[in-house]
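**Q** Here it is, the structure, as structure tokens.
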Amino acid sequence: MGKLLLSGTSGGHLTQILTLFEKVDDSRKIVFSEESSRLSKLTCKTYSYKRPYNSQLLRMFLAWLKALYIICKERPEWVISTGAECGTAAIIAGKLLFRKTIHIETASRYRTKTMAAKICYPLVDHFYVQHEESLKIYGKKAKYIGGIL
């Protein structure tokens, strides 16, 4: 397996993806998230974007442009997201640039779909949920992997 682009907004999404891939060698990981002090503490390669705008659509577009840049520059084999705007933007950019994609639905939502899941589900190669109960609200592509944290 080659390089991995791991993307999730700061907070729980970032915590989940970092926990899931903590045993992967840092030379293979690229992390993309919002600008935060957490990124500077990581030993793998990181990219960030600022969230100065109140418009979620504008922030998503800017995150998507940054994700396109990262994928073109770093050439990851896989784009993996735990959600929210930068994760969704990375999945869309990854599909446009013919990368393999995975979305891991957040553990905090299991009875209703997140916006990220609604967008990513039809696009991704693999879609994972952390609660068996979530399998009922998604289609056949969804696979139960258990809780990450």
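Positions 299 to 447 (this note's numbering) are the ones given, in order, by the sequence shown.
Backbone N, C-alpha and C define an ideal beta-carbon position, used for all residues, glycine too.
What you are looking at is a predicted structure, and each value in this text was computed from that prediction instead of being measured.
(1) Just list the residues that DSSP pairs A440 with in beta bridges.
(2) What are the start and end residues of each continuous beta strand (DSSP E) run of 3 or more residues lying completely inside the stretch 372-422, in chain order?
(3) Which of helix, strand or coil does DSSP assign to T344?
(4) Restricting to Cα atoms, I'd like to know which of L366, M413, S432 and T344 is closest to Q354.
(5) Who are I328's beta bridge partners in DSSP?
(6) Quick one, which of I446, L337, Y426 and R357 has its alpha-carbon nearest K439's?
**A** By the coordinates alone:
(1) Translated into positions along the sequence shown, residue 440 becomes position 142. Paired residue(s): F425.
(2) As summarised for the stretch 372-422, the continuous beta strand (DSSP E) elements at least 3 residues long and confined to that stretch are 376-381 and 398-402, given in chain order.
(3) In the sequence shown, counting from the first residue as 1, residue 344 sits at position 46. Strand.
(4) The residue you call residue 354 lines up with position 56 of the sequence shown. When only C-alpha atoms are compared, the closest one is M413.
(5) To locate residue 328, count along the sequence shown from 1; it is residue 30. Answer is L303 and K343.
(6) In the sequence shown, counting from the first residue as 1, residue 439 sits at position 141. Just measuring C-alpha positions, the residue of I446, L337, Y426 and R357 sitting nearest K439 is Y426.
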